[in-house]
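Enquirer: To start, I am sharing the structure in question, which I have written as structure tokens.
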Ligand SMILES: C[C@@H](O)[C@H](N)C(=O)O
Ligand SMILES: C[C@@H](O)[C@H](N)C(=O)O
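Chains as they are written, first to last, in this note's numbering: chain U, 4 to 162; chain F, 4 to 162.
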């Protein structure tokens, strides 16, 4: 039925910032990322969810090297927004399954998540696009996760 | 500095399901998406955030046509998980900025979000990949959002 996973990628040494209780109003996301851009922070993935009560959760991943200086940058951004809370976590890796039609089928996502679950790997964050499913996991689980997902999709493990 | 937005895409008639208070343990995501796959639901984007208290928020978009039958599917999934809450919202469009190096710079995200803010468009969800920044907005704001972002990135509006 046309679902294909062409390959996997592993990106390591990622940190994650989760901003909670962010006011859900136009201009807020712009101010957060303008503040990060001005501070020279290189942002990897961005995810935002809302639970419908006027606030949003905005999370983004950054490379470990960018985390050292980020705390004051976040404090300034939240002060400027008049609210919100920032949590910084380190030690993640991102496993991405890349292919045509990958995320257009819940079955491919289910197969990837099942492989991770059976390997005992917890999924911290999920972000997808038309051609990719990306999961953030504990950095310590990176190799185990890659092997499990490779097996699940019948891909040859190239190193 | 190598940031390029090559084009924009608009996808309309999207609904969104947000599952809150989902147990943050291995196997949970697999069960959610296996349940959706078995029910034949076509999933567009998937986003998951966690706020560190043992629960996660898992959201996904689906085309309006798939929403009609989804309520009992979600109830069965949550019953099987032993917890969680599902919210279904309709009437969204997704604006995606596509390019090389698009999301690797907080500045490009900031510019896109600022254009939307200045057009008075609220950003409901954000999901990115290496080559794309996708925002979910009110369907009614679709045209206005596309024009604002096209202008911001100096792209020609091809109809
Ligand atoms: C939370 C944030 O994304 C807000 N909704 C905005 O449009 O900027
Ligand atoms: C919440 C869900 O993603 C869970 N952490 C899992 O690994 O399946």
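Note that beta-carbon positions come from the ideal geometry of N, C-alpha and C, so glycine has one too.
At a cut-off of 7 Å, would you count residue 51 (chain U) as near ligand 1, judging by its Cβ distance to the nearest heavy atom?
Expert: Walking along the first chain from the start, residue 51 (chain U) turns up at place 48. It does: the Cβ of residue 51 (chain U) is within 7 Å (strictly closer) of some heavy atom of ligand 1.
Enquirer: Looking at the unbroken alpha helix (DSSP H) that takes in residue 142 (chain F), where does it start and where does it end?
Expert: Translated into the one-based positions of the second chain, residue 142 (chain F) becomes position 139. Neither: residue 142 (chain F) is in no alpha helix (DSSP H) and is coded neither H nor E.
Enquirer: Can you tell me whether residue 27 (chain U) is buried or exposed, with buried defined as 16 or more other CB within 10 angstroms of its CB?
Expert: Indexing the first chain from 1 puts residue 27 (chain U) at position 24. Flag for residue 27 (chain U) reads buried.
Enquirer: Could you check whether residue 18 (chain F) and residue 93 (chain F) sit closer than 8 Å to each other, using their CB atoms as the reference points?
Expert: As a first step, residue 93 (chain F) must be located in the second chain, where it is residue number 90. As a first step, residue 18 (chain F) must be located in the second chain, where it is residue number 15. Contact flag set, yes.
Enquirer: Using a Cβ-Cβ cut-off of less than 8 Å, list which residues of the region 41 to 53 of chain F approach chain U; keep chain order.
Expert: The region 41 to 53 of chain F vs chain U, Cβ under 8 Å: 44, 45, 46, 47, 48, 49, 50, 51, 52, 53.
Enquirer: How long is the line joining the alpha carbons of residue 116 (chain U) and residue 16 (chain F), rounded to whole angstroms?
Expert: Sequence index remark: in the first chain, residue 116 (chain U) carries index 113 (1-based). Sequence index remark: in the second chain, residue 16 (chain F) carries index 13 (1-based). Rounded to the nearest angstrom, the two C-alpha atoms are 27 Å apart.
Enquirer: Taking the C-alpha atoms as reference points, what is the distance between residue 156 (chain F) and residue 9 (chain F)?
Expert: Locating residue 156 (chain F) in the second chain gives position 153, where the first residue counts as 1. Locating residue 9 (chain F) in the second chain gives position 6, where the first residue counts as 1. Those two C-alpha atoms are separated by around 9 Å.
Enquirer: Residues in the same chain with beta-carbon distance under 8 Å from residue 88 (chain F), minus the five sequence neighbours each way, listed in chain order, please.
Expert: One-based indexing of the second chain puts residue 88 (chain F) at position 85. Only 22, 23, 24, 81 meet the Cβ criterion.
Enquirer: Would you list, in sequence order, the uninterrupted beta strand (DSSP E) runs of no fewer than 3 residues that lie entirely inside the region 29 to 112 of chain F?
Expert: You should have 46 to 53, 58 to 66, 88 to 101.
Enquirer: In chain order, what residues of the region 23 to 39 of chain F put their CB closer than 9 Å to some CB of chain U?
Expert: Residues 23, 27, 28, 29, 30, 31, 32, 33, 34, 35, 36, 37, 38, 39.
Enquirer: Could you check where the beta strand (DSSP E) with residue 12 (chain U) kicks off and where it finishes?
Expert: Counted from its first residue, the first chain places residue 12 (chain U) at position 9. Segment 10 to 26, the beta strand (DSSP E) holding residue 12 (chain U).
Enquirer: Determine, using beta carbons only, whether residue 13 (chain U) comes closer than 8 Å to chain F.
Expert: Taking the first residue of the first chain as 1, we reach residue 13 (chain U) at position 10. By this cut-off, residue 13 (chain U) is not an interface position.
Enquirer: Would you mind giving the Cβ-Cβ distance between residue 139 (chain F) and residue 128 (chain F), rounded to the nearest angstrom? I have them listed as a contact below 8 Å.
Expert: Translated into the one-based positions of the second chain, residue 139 (chain F) becomes position 136. Translated into the one-based positions of the second chain, residue 128 (chain F) becomes position 125. Correct: roughly 4 Å between the Cβ atoms.
Enquirer: What residues are listed by DSSP as bridge partners for residue 135 (chain U)?
Expert: For the purposes of this step, residue 135 (chain U) is taken as the residue at position 132 of the first chain. Answer is U:101, U:132, bridged to residue 135 (chain U).
Enquirer: At a CB-CB cut-off below 8 Å, which residues of chain F make contact with residue 129 (chain U)?
Expert: For the purposes of this step, residue 129 (chain U) is taken as the residue at position 126 of the first chain. Simply 32, 49, 50, 51, 61.
Enquirer: Given this structure, state the Cα-to-Cα distance separating residue 149 (chain F) from residue 33 (chain U), to the nearest angstrom.
Expert: Along the second chain, one-based indexing puts residue 149 (chain F) at 146. Along the first chain, one-based indexing puts residue 33 (chain U) at 30. Residue 149 (chain F) and residue 33 (chain U): Cα-Cα distance of roughly 16 Å.
Enquirer: Is residue 48 (chain F) buried or exposed, if buried means 16 or more other CB atoms sit within 10 Å of its CB?
Expert: To locate residue 48 (chain F), count along the second chain from 1; it is residue 45. Buried is the call here.
Enquirer: Using a C-beta to C-beta distance shorter than 7 Å, which residues of chain U count as neighbours of residue 116 (chain F)?
Expert: Here residue 116 (chain F) corresponds to residue number 113 of the second chain, with the count starting at 1. Correct list: 32, 33, 36.
Enquirer: Is residue 122 (chain U) near ligand 2, in the sense that its beta carbon is under 7 Å from a heavy atom of that ligand?
Expert: On the first chain, residue 122 (chain U) is found 119 positions in, with the first residue counted as 1. Outside the cutoff, so no.
Enquirer: Any Cβ of chain F within less than 8 Å of the Cβ of residue 135 (chain U)?
Expert: Walking along the first chain from the start, residue 135 (chain U) turns up at place 132. Yes, residue 135 (chain U) lies at the interface with chain F (some Cβ there is under 8 Å from its Cβ).
Enquirer: Is the beta carbon of residue 125 (chain U) within less than 7 Å of some heavy atom of ligand 2?
Expert: The residue labelled residue 125 (chain U) in the question sits at position 122 within the first chain. Residue 125 (chain U): yes, Cβ under 7 Å from ligand 2.
Enquirer: Quick one: Cα of residue 12 (chain U) to Cα of residue 97 (chain U), how far?
Expert: In the first chain, the residue the question calls residue 12 (chain U) occupies position 9. In the first chain, the residue the question calls residue 97 (chain U) occupies position 94. The straight-line gap from Cα to Cα measures roughly 8 Å.
Enquirer: Would a check of beta-carbon distances place residue 125 (chain U) closer than 8 Å to chain F?
Expert: Position 122 of the first chain holds residue 125 (chain U). Yes, contact with chain F.
Enquirer: What residues of chain F sit near residue 120 (chain U), judged by a beta carbon separation below 7 Å?
Expert: For this step, residue 120 (chain U) is matched to residue 117 along the first chain. Those within 7 Å of residue 120 (chain U) in chain F are 29, 30, 33.
Enquirer: Does the beta carbon of residue 27 (chain F) fall short of 7 Å from some heavy atom of ligand 2?
Expert: Position 24 of the second chain holds residue 27 (chain F). Correct: residue 27 (chain F) has its Cβ closer than 7 Å to ligand 2.
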